[in-house]
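S.K.: Heads up: the sequence lines are chains A and B, in that order. The numbering used here numbers the first residue of the first sequence as 13 and each following residue consecutively. The numbering used here numbers the first residue of the second sequence as 396 and each following residue consecutively.
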Amino acid sequence: MGVMKRVTMVFRAKANKALDRMEDPRETLDYSYQTQLELLQKVRRGVADVATSRKRVELQLNQLQQNSDKLDRQARDSLAAGREDLAREALTRKAGVQTQLEDLQGQYASLQSEEEKLTQASQRLQSKVDAFRTRKETIKATYTAAEAQTRINEAFTGISEEMGDVGMAIQRAEDKTAAMKARAGAIDELMASGALDDMVSGPHDDIQAELDRMGASHGVDGELERMKAELAQNAPRQIEGAQTGTSDGAGQSASTAKAPDPAQAGEPE
Amino acid sequence: MIVRILGEGQLELPESAAGELNRLDAALESAVERNDEAAFRPALAALLAKVRQVGSPTEADDLRPSELIIPRQDASMDEVRKLLTDDGLIPG
Numbered sequence: 013m014g015v016m017k018r019v020t021m022v023f024r025a026k027a028n029k030a031l032d033r034m035e036d037p038r039e040t041l042d043y044s045y046q047t048q049l050e051l052l053q054k055v056r057r058g059v060a061d062v063a064t065s066r067k068r069v070e071l072q073l074n075q076l077q078q079n080s081d082k083l084d085r086q087a088r089d090s091l092a093a094g095r096e097d098l099a100r101e102a103l104t105r106k107a108g109v110q111t112q113l114e115d116l117q118g119q120y121a122s123l124q125s126e127e128e129k130l131t132q133a134s135q136r137l138q139s140k141v142d143a144f145r146t147r148k149e150t151i152k153a154t155y156t157a158a159e160a161q162t163r164i165n166e167a168f169t170g171i172s173e174e175m176g177d178v179g180m181a182i183q184r185a186e187d188k189t190a191a192m193k194a195r196a197g198a199i200d201e202l203m204a205s206g207a208l209d210d211m212v213s214g215p216h217d218d219i220q221a222e223l224d225r226m227g228a229s230h231g232v233d234g235e236l237e238r239m240k241a242e243l244a245q246n247a248p249r250q251i252e253g254a255q256t257g258t259s260d261g262a263g264q265s266a267s268t269a270k271a272p273d274p275a276q277a278g279e280p281e
Numbered sequence: 396m397i398v399r400i401l402g403e404g405q406l407e408l409p410e411s412a413a414g415e416l417n418r419l420d421a422a423l424e425s426a427v428e429r430n431d432e433a434a435f436r437p438a439l440a441a442l443l444a445k446v447r448q449v450g451s452p453t454e455a456d457d458l459r460p461s462e463l464i465i466p467r468q469d470a471s472m473d474e475v476r477k478l479l480t481d482d483g484l485i486p487g
C-alpha cells in the first residue's frame, strides 16, 4: 500500500476514534463545532505569534545591516587615510556581521512563508467551519437517525481531516517560532552584552577610535599649519601698529591660541 | 477523486490520474522504506508536481474527505515515516 493511502488511513482512524467516543450524533456535531472554533482561535493566535517573531527578526536585520554599513564606511575611511591594516580589520568584521545577516535573512524568509501558509490555512479552516455549521443544522433538522449518522460521519471526517492538517501546520509554526524567538533572544543578548556591538560602535570601537585619533591628529596638524601661516602674515603688521584686528591686545593673543577660521585669518587684509 | 496536499489543501483529480499517481507513490514508498534520502526528495516532488498538474483546488467550503493524502512539499523523510506509523503527529 502506498504512502498516500497509509497517511489517509491514519487520518481516518483519528476521526473514527473521535466519532466512536460520541454516543449522541447531535453531541458529536456540537462538540466538534466547538473544537473547530477553538482550533480556529489557536490558528489566529499562531499567525499573530509568527508575525511578531518575524517583525523582531526584521528589526535585528536592520541593526545588523547598519553595523555592516558602518564597518564598510570605516574601511573606506581607513583606506583613504592610508591605513590598509585598519581597513582589513574593518572588512574582516564586516564579513562576520554579513554571515550573521545572511543566516538571519534565511530565517526571515522561512518565517514569512510560514506566516503566509498559516494565514491561508486559517482561511481554509474558517470556510470549512462555516460550512460545517450550516451542514450540522441541516442534518439535525432534515434526516432520519440513520441518514443523519451517515452524513454526520462524512462531514465529521471531512472537517477532522482539515483540522488535523491545520493542527500540524500550527504545531510546526509554533516550533519554528519558538526556535526563532530563542535565536532572536540570543542575538539581543549578544548586542546588549556588547559582544556584537563592540565590534562596530560605542566606546570600545577601536577602529573608529583609531580613525578618530588619526582624524584628530590630522586636524591638529592642519590647525598648526594655519596658525603658522597666520603668524607669518600678522607678524609684520604687528610691528607696523597695534590697530590691526577688531580687538585689543588680549584678543589678539587669544586669536593665536584659538583655531582661526579662514575668514578671520583673511580679515586683517 | 479528492487528494489533499498537507499544508496546502485539497485538489480534485480525474480518476484517470490514479494509475500514474500509484506509480509515483510506489517510488516514494520504496525510497522511504530503503531510507534513501537521495531518492526520497525527487520522488515526493514528482508526486506533488503530478497532482498539481492534473488537479484543481476544491471549493473552500467543500467538506468531503480526501481519498488520498500527500505529505507536504518540505516534509523530511522522518516526518513522513511518522505520518505512516504514528498518529501522534496529528493533533486533536
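We treat Cβ as the ideally placed atom computed from N, Cα and C, and that holds for glycine.
Which residues in chain A have a C-beta closer than 7 Å to the C-beta of residue 430 of chain B? List them in chain order.
M.R.: Here the premise fails: no neighbours, minimum Cβ distance about 14 Å.
S.K.: Under 7 Å between beta-carbons, which chain B residues line up against residue 14 of chain A? List them in chain order, please.
M.R.: Result: 417, 420, 421 and 424.
S.K.: Can you tell me which of the three DSSP states residue 404 of chain B falls into?
M.R.: It is a strand residue.
S.K.: Counting only Cβ pairs nearer than 7 Å, list the residues of chain B close to residue 129 of chain A.
M.R.: Here the neighbours are 402.
S.K.: Can you list, in chain order, the residues of its chain with a C-beta nearer than 6 Å to that of residue 109 of chain A? Leave out the 5 residues immediately preceding and following it.
M.R.: Within the same chain, residue 109 of chain A has close Cβ partners 76, 79 and 80.
S.K.: Under a CB-based cut-off of 8 Å, is residue 410 of chain B close to chain A?
M.R.: Answer no: the Cβ-Cβ gap between residue 410 of chain B and chain A never drops below 8 Å.
S.K.: Compare the beta carbon distance of residue 24 of chain A and residue 455 of chain B with 8 Å and say whether it is the shorter of the two.
M.R.: Contact flag unset, no.
S.K.: Consider the Cβ of residue 211 of chain A: report whether some Cβ of chain B lies at a distance smaller than 8 Å.
M.R.: Low confidence applies to residue 211 of chain A: its pLDDT is 48, below 50, so where it sits in the model is not reliable enough to give any reading.
S.K.: Along chain B, which residues have their Cβ under 7 Å away from the Cβ of residue 181 of chain A?
M.R.: Correct list: 402.
S.K.: Span of the beta strand (DSSP E) holding residue 423 of chain B?
M.R.: It is not in any beta strand (DSSP E) - residue 423 of chain B instead sits in the alpha helix (DSSP H) that spans 413-428.
S.K.: Tell me which residue opens and which closes the beta strand (DSSP E) that residue 463 of chain B is part of.
M.R.: That run of the beta strand (DSSP E) goes 463-465.
S.K.: Give the secondary structure of residue 238 of chain A by DSSP, where H, G and I count as helix, E and B as strand, and everything else as coil.
M.R.: The answer is helix: DSSP assigns residue 238 of chain A an H, G or I state.
S.K.: Taking Cβ positions, are residue 45 of chain A and residue 34 of chain A nearer each other than 8 Å?
M.R.: Contact: no.
S.K.: In whole angstroms, what is the alpha-carbon distance linking residue 144 of chain A and residue 124 of chain A?
M.R.: Cα to Cα, the separation comes out at about 30 Å.
S.K.: Which of helix, strand or coil does DSSP assign to residue 65 of chain A?
M.R.: Three-state result, residue 65 of chain A: helix.
S.K.: So which residues on chain B does residue 134 of chain A lean against when the C-beta distance must stay under 8 Å?
M.R.: Under the 8 Å cutoff, chain B gives no residues; its nearest Cβ is about 11 Å from residue 134 of chain A.
S.K.: Return the CA-CA distance between residue 400 of chain B and residue 178 of chain A, expressed in angstroms with no decimal places.
M.R.: Cα-Cα distance, rounded: 12 Å.
S.K.: Enumerate in chain order the residues of its own chain whose CB-to-CB distance from residue 161 of chain A is below 6 Å, with the five nearest sequence positions on each side excluded.
M.R.: Here the set comprises 37.
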